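Please read the structure below before turning to the comments.
Residue numbers (our numbering): 2 to 206.
And the structure:
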């Protein structure tokens, strides 16, 4: 899974037009969350971010926004950014093009954003051009925590992040029940690490 933590030039070359890291002349890193919002996890993430004055980018599942609009609005109220993560968290490889893009559009009715991230990072390279007709950026990552992997400990998840954080990094966590235990260990330690290195945590724009 190392390639998922530090995508190779080959992989980023295949997905031309996607954003794997952000260009910045500041000591900024970009911490992102996928799959929320949900009441069991997302409010905790927001409170933890406030402790470090960290601004995050949440790639939201439309169905969860529909179920929990109050949490979605709270994400925005606290100064974080949001992105489209489809309505039903679907894989591009499991649906035909029309159904996939219809699902994205359904999510867009609830999620006002020019950012998109494909669930599981699964995307046909040919879709990127089409997506960028609607979105400013298709956001991937260069630091994957793998917090969702229940075979890993929280310490292992943090190590997936610790060695790779640098200015411009796009880090992925998940505000989901599956990832909750590992994320609650690794996310605060990541914010502490970012602070110790003199970096700031900014939203993707």
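For glycine and all other residues, C-beta sits at the position ideal for the given N, C-alpha and C. This one's a predicted model, so the numbers in the text were calculated from it and none came from an experiment.
Contacting residues, own chain, Cβ-Cβ under 8 angstroms from residue 81 (five flanking each side not counted): Residue 81 sits at position 80 when you count from the first residue of the chain shown. For residue 81, where only same-chain residues beyond five positions count, the Cβ hits under 8 angstroms are 47, 50, 56, 57, 58, 59 and 204.
Simplified DSSP assignment, three categories, for residue 29: Counting from one through the chain shown, the residue named residue 29 turns up at place 28. The answer is strand: DSSP assigns residue 29 an E or B state.
Contiguous beta strand (DSSP E) assignments of at least 3 residues, all confined to the segment 31-86: When DSSP assignments are scanned along the segment 31-86, the uninterrupted stretches of beta strand (DSSP E) that are 3 or more residues long and fall wholly within it turn out to be 58-61 and 82-85.
Pick from 189, 193, 190 and 87 that is closest to residue 110, judged by C-alpha positions: On the chain shown, residue 110 is found 109 positions in, with the first residue counted as 1. Answer by Cα proximity: 87.
Contact check, residue 36 vs residue 176, beta carbons under 8 angstroms: As a position in the chain shown, residue 36 is number 35, starting the count at 1. As a position in the chain shown, residue 176 is number 175, starting the count at 1. With respect to the 8 angstroms criterion, residue 36 and residue 176 are classified as neighbours on the basis of their beta carbons.
Buried versus exposed call for residue 141 [16 or more other C-beta atoms within 10 Å across all chains shown]: Counting from 1 along the chain shown, the entry for residue 141 is found at position 140. When all chains shown are included, residue 141 counts as buried.
Buried or exposed (CB count within 10 angstroms, at least 16 for buried), residue 138: If you number the chain shown from 1, residue 138 lands on position 137. Burial call: buried.
Start and end residues, beta strand (DSSP E) containing residue 173: Within the chain shown, the letter at position 172 stands for residue 173. Where residue 173 is concerned, the enclosing beta strand (DSSP E) stretches over 171-175.
Beta-carbon gap between residue 147 and residue 161 smaller than 8 angstroms: Against the chain shown, residue 147 aligns to sequence position 146. Against the chain shown, residue 161 aligns to sequence position 160. Their beta carbons are under 8 angstroms apart, which means residue 147 touches residue 161 by this criterion.
Helix, strand or coil at residue 167 [DSSP, three-state]: Stepping through the chain shown from its first residue, residue 167 is reached at position 166. Looking at residue 167 - three-state DSSP - the assignment turns out to be coil, as it is neither helix nor strand.
C-alpha distance - residue 129 paired with residue 29, whole-angstrom precision: Locating residue 129 in the chain shown gives position 128, where the first residue counts as 1. Locating residue 29 in the chain shown gives position 28, where the first residue counts as 1. Spanning the two alpha carbons is a distance of roughly 26 angstroms.
Exposure label - residue 77; buried when at least 16 CB within 10 Å: The count along the chain shown starts at 1 and reaches residue 77 at position 76. It counts as exposed.
CA-to-CA distance, residue 101 to residue 92, given in whole angstroms: For the purposes of this step, residue 92 is taken as residue 91 along the chain shown, with counting starting at 1. For the purposes of this step, residue 101 is taken as residue 100 along the chain shown, with counting starting at 1. Their backbone Cα atoms lie some 8 angstroms apart in a straight line.
Three-way DSSP call (helix, strand, coil) for residue 179 in this model: Here residue 179 refers to the residue found at position 178 when the chain shown is read from its first residue. Residue 179 falls in the coil class under three-state DSSP.
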